[in-house]
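Heads up: the sequence lines are chains A and B, in that order.
The opening residue of the first sequence carries number 1 in our numbering; numbering runs sequentially from there.
The opening residue of the second sequence carries number 1001 in our numbering; numbering runs sequentially from there.
In this text, a Cβ means the ideal position worked out from N, Cα and C, and glycines have one as well.
Keep in mind that this is a model prediction, so the values were computed, not measured.
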Amino acid sequence: MISASVQARISLSRTKQFALWLLAFAIITVIWVGGELWPWAVKAPKELSWRIESLGSCTSVRYCVTGFMKWLVGDESYVFPWTFKEFTRTIAAGIEIPYQFIKSLLAAGFTIPLGKGESWQTPPLSWLGITIVMTWIAYRLKDWTLALMVFLCISYITIFGHWESATITLSSIAVAVPIGVAFGISVGILGYRYPSFERAITPILDLMQTVPIFAYLVPVLFLFGFGPVSAITATVVYATPPMVRITMLALQTVPTDIKEFGKMVGCTKRQMTWRVLIPSAKPGLMVGVNQVIMLSLNMVIIASMIGAGGLGFDVLASLRRQAIGEGLEAGIAITLIAIVVDRLTQAWAAQAPELHSESNSVLSGRTKFLLIVFTVLAITTTVGFALPIFAQWPEVWEFTTGQFWNDLVKWININFFDQLEAIKIFILLNILKPLKLFLLELPWPGALILLGLAGYQLGGPKLALLVVSLASFILITGQWTKAMITVYLCGISVVFASIIGMTIGIVASGSTRLKKAVLIFIDTLQTLPSFVYLLPVVMLFRVGDFSAMVAVVLYALPPAVRYTIYGIEQISASLIEAAKTSGCTRIQTLTKVQIRLAWPEIMLGINQTVMFALSMLVITALVGTRDLGQEVYIALTKADTGRGLVAGLSVAFIAIITDRLISAAARRRKQALGMG
Amino acid sequence: MSESEAILNCQNVWKLFGKDAERFLRDESNIDDASLSSAGLIGAVRDASIEVVEGEIFVIMGLSGSGKSTLLRCLSRLIEPTSGVIEFEGENLLEQSENQMIQIRRHKMGMVFQHFALMPHLTVLGNVAFPLEIQGVDKKHREERAREVIELVGLEGRESYYPRELSGGQQQRVGIARSLSVEPKIWFLDEPFSALDPLIRREMQDEFLRIQSVLNKTIVFITHDFNEAIRLADRIAIMKSGLIIQIGTPEELVLHPADDYVEEFTNDLARSKVFSARAVMREKSSDIVSGGSVLQSVKIDDLAGDLIDSELPFDVVDSEGEVLGVITREDVINVLVNKTT
């Protein structure tokens, strides 16, 4: 419901709005036409640099960052009683030791020195034992269906010959997840206890979640060097922020009654946190743990760029060799691990085991359970000494479909080359090129004015200021041209993804069965590691902007579909009935009621699509785009922290600008519809 | 409060929500709805004074938003009052340090919550023993004590159940047992039965009175249900928009409501359950022949049957047997049909 005064204000501001936009466009046209007179306004400026002798080599933002990092790992950085280098080495040891232990247990086996330079190599835990135990755990946690699924997933990994890689990957996940969870919960508790601390970390968390993962890798690589420790550190940094958020949220949403109860029985602060709040918030915290695990698995391939090894490395290597089949198989193995771990942790969290038990047996359920697990693993592993088949799945039994996929792509390329090429060239010439040209020619003062105006109209002067200053950072660090290419690729991909996604969403909303099928399909699509999308695309369209776009569209599709379905779903049934009784046809109901009311949700979906697109876009640097992603990628290969950070922040700022503008628009729309 | 000392004495307690509430309270001489709203403050509790006597059930009754829950939370300093004095066993609670408050809450206060506030990961036994665990009582003793109170609330045999395996009524029994496990000096109940079905609510009220007859605790009980207040209370305080409008026994409220607001509540009340013989009796003139006698404190509801069967009026006597007045059939019928005199 909109009151009369608000109505008046809206219509008044409409004319004003129109005038403002007209003015902005007029200015831009003037700058553009008179480009010869003001070349500085049309051409994006070079990186802002300065010469101040006392600052040494610190002559621009990125050189300052690089210089700072060099100082940090040098011998003079006494930030603590000891140098920073010693500090990072301590962290590295703290990660290295448990990692080596788990890796020996699962993948490599222990090397026991016998003296005189001889040693004895134990085998790792038997694949058979682990398969049996995992299947049995799945059964115990839920039912036979889950057990069967777990069994099939593990069997796939074994039969397709990914056992060893998978166990290496799992070892690093097994180290990263507990660290991430513990760290996340601790920071979350601090944030809950001290609101000022929460206010301080929220923007940092925002930034951490929008900076492309690649950009993290550069400083981590610089501090810890190439290897599993770096990979695990980067994984923790990437996977922790949601845990912090979820912890704060879960603690805040513990019912007031419970908090008051804790106070009334005289809990001290520590008792309150550990005896009352954390146990009561357990279901919420479990969601956080699940998130950390899923994000860590997301990170597997990217982490292998700085030395994680395992399945991620297999995918990356196949991508470099353009071996689509092998890459796909390893990628699927990662997905299957993710699915198994996800279902198991969810079953564990939802398992409401806690029905009272009447049994009085000597061994409690847990002891019995651990005993059986231990026995199974011990027997199968010991038998492995005598029968190698128990220790390792025989290579001759391994199976691969790699050749089939490679042949399939070859066949498509031979028979449909012309058609594929025609589509590619058509879209390139008619859509991609003109847009790219437009954005590159758009004078930067004009772009700033347009952004500021949009910010002002959607969220007032504060938003306008934020948007303009973030964009200015990109400008003064000399990233403007590359940022424009990012915006163009991202923009065009989002448009395609949104159109396709909304269409699918709207069609799927028509029937419950179709909706269910589509949602399952999307869930599966989302668990695929982003790199897997690149493989077929590159094989079919080779490197370049078009391939990048197709991969980004595929990757960014799910949120558009999901939010459309959700937006249409949450419209109250009585409104649809009202539309029907007013004599709307199905099409009319859809266009005049459903889509309009679902629009704020759909906008949020598009917002998510943008975020997905940006994160994928950075990865497409691997297939040869010339945008900010490439900049980060180059920085990574050169371990140039300043360059990587500046480019990474630029991507993050593009994401933040889009997010704030779209969210503000969605909020306004919701308010206008009286739903906010 | 002539019979015994007030154990909890709360004088001129204010709780204002909003900015600069303390300064406003200090500087503003004339505080009313208008001055509060112009200062942007919400007067949750305004100048409340109550005295709770040892062993009584003191009910604070008010509709939602009346400030009753805020006042209760001020009494245990779950909410910090803006100003006032809260004396508990002769000491001002507002002057106690945080650690002293922790000790007082651990050993002297118990509270029952509207939505039970049971810990989902603990069994009935674990929940009831929890306050003792927090105090650091060893496992053997705390479980022994917990079993005692579990038996008191009639949940024996359910010790190993988890809260979600229990019905609402049973869960609140756990809440009651838990609040009693530390043997509190004062027992706060915040709308303990509001979340229950009407039938269960009734059963729980009876159960509550039974437990109280055994323990004889000092109780502050919050409710929004006037009938519940009448049924349970020794004395009732009625609150409206932060102010205490009237304090009195159920009979006093019905007989002499302070204003229309209080009277509104008493209108559709079954008076026969509130009034005692003493409240209805008339003076005994010498020509009246009585057919029996009743104690002055007996409720009309309970004596009506006998009196109506009888041809003659009854004497109303005190505990020493002295005749205070008489009560006639007509008097009883007037009360039963809710005819106001």
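When DSSP states are grouped into helix, strand and coil, Met1109/B belongs to the strand group.
Under the 8 Å criterion on CB atoms, Gln526/A is classed as non-interfacial with respect to chain B. Think of a sphere of 7 Å around the beta carbon of Phe1193/B: no beta carbon from chain A falls inside it, the nearest being about 15 Å out. Counting every other CB atom within 10 Å of its CB across the protein chains shown gives Arg586/A a total below 16, marking it as exposed. Judged by pairs of C-beta atoms under 8 Å, the region 1018-1032 of chain B does not touch the region 1208-1226 of chain B, as fewer than three such pairs exist. Under the DSSP assignment, Cys153/A falls in the alpha helix (DSSP H) whose first and last residues are Trp144 to Ile159. Residue range Thr1218 to Thr1223 is occupied by the beta strand (DSSP E) that includes Thr1223/B.
Cβ atoms of Val187/A and Ile201/A come within 8 Å of each other, at about 7 Å.
Cβ-Cβ separation between Gly288/A and Val276/A: approximately 18 Å, too far for a contact (criterion under 8 Å).
In the three-state scheme derived from DSSP, where H, G and I count as helix and E and B as strand, Thr111/A is classed as strand. In the DSSP assignment, Ala138/A falls within the unbroken alpha helix (DSSP H) covering Trp127 to Leu141. A direct Cα-to-Cα measurement between Ile474/A and Gly605/A gives close to 26 Å. Per DSSP, reduced to three states, the secondary structure at Ile1031/B is coil, with no helix or strand assignment. The Cβ neighbour count for Ile1060/B, taken over all protein chains shown within 10 Å, is at least 16; the residue is labelled buried. Apart from the 5 residues on each side of it in sequence, Ile602/A sits with its Cβ closer than 7 Å to the Cβ of Met502, Tyr563, Thr564 and Gly567 in its chain, given in chain order. Partner residues in the beta bridge of Met1061/B, as assigned by DSSP, are Thr1223/B and Ile1238/B. Per DSSP, the beta bridge partners of Arg1282/B are Val1326/B.
Taking 8 Å as the threshold, the shortest C-beta distance from Gln1114/B to chain A falls below it. Residues of chain A whose Cβ lies closer than 8 Å to the Cβ of Met1111/B are, in chain order, Glu260, Phe261 and Met264. DSSP, reduced to helix, strand and coil, places Ile1244/B within a strand of the structure shown.
Val623/A is the residue among Leu37/A, Ala517/A, Val623/A and Ala281/A whose C-alpha sits nearest the C-alpha of Met549/A. Going by DSSP, Glu164/A is part of no beta strand (DSSP E) but of the alpha helix (DSSP H) stretching over Trp163 to Arg193. The beta-bridge partner set that DSSP reports for Ile1086/B consists of Cys1010/B. Counting the other Cβ atoms within 10 Å of the Cβ of Tyr488/A gives 16 or more, which makes it buried.
For Arg1106/B, the nearest beta carbon of chain A is closer than 8 Å to its own beta carbon.
Excluding sequence positions up to five before and after Ala347/A, its CB lies within less than 8 Å of the CB of Ala138, Leu141, Lys142 and Leu146, all in the same chain and listed in chain order.
It is roughly 36 Å from the alpha-carbon of Lys116/A to the alpha-carbon of Ile306/A.
Taking C-beta atoms as the reference points, Ala1177/B and Leu1152/B count as a pair closer than 8 Å.
The straight-line gap separating the alpha-carbon atoms of Glu1087/B and His1141/B is approximately 32 Å.
Judged by DSSP secondary structure, Trp120/A falls outside any alpha helix (DSSP H) and instead within the beta strand (DSSP E) spanning Glu118 to Gln121. In the structure shown, Phe1208/B falls within a helical segment according to DSSP collapsed to helix, strand and coil. Runs of beta strand (DSSP E) with 3 or more residues, each lying fully within the region 1271-1317 of chain B, are found at 1292-1295 and 1314-1317, listed in chain order. Look at Gln1212/B: its C-beta is not under 8 Å from any C-beta on chain A. Boundaries cannot be given for Gly309/A, as no alpha helix (DSSP H) includes it and DSSP labels it neither H nor E. Spanning the alpha carbons of Val175/A and Ala166/A requires a straight line of approximately 14 Å. Residue-level contact check: Thr345/A does not touch chain B, since none of the beta carbons of chain B fall below 8 Å from its beta carbon.
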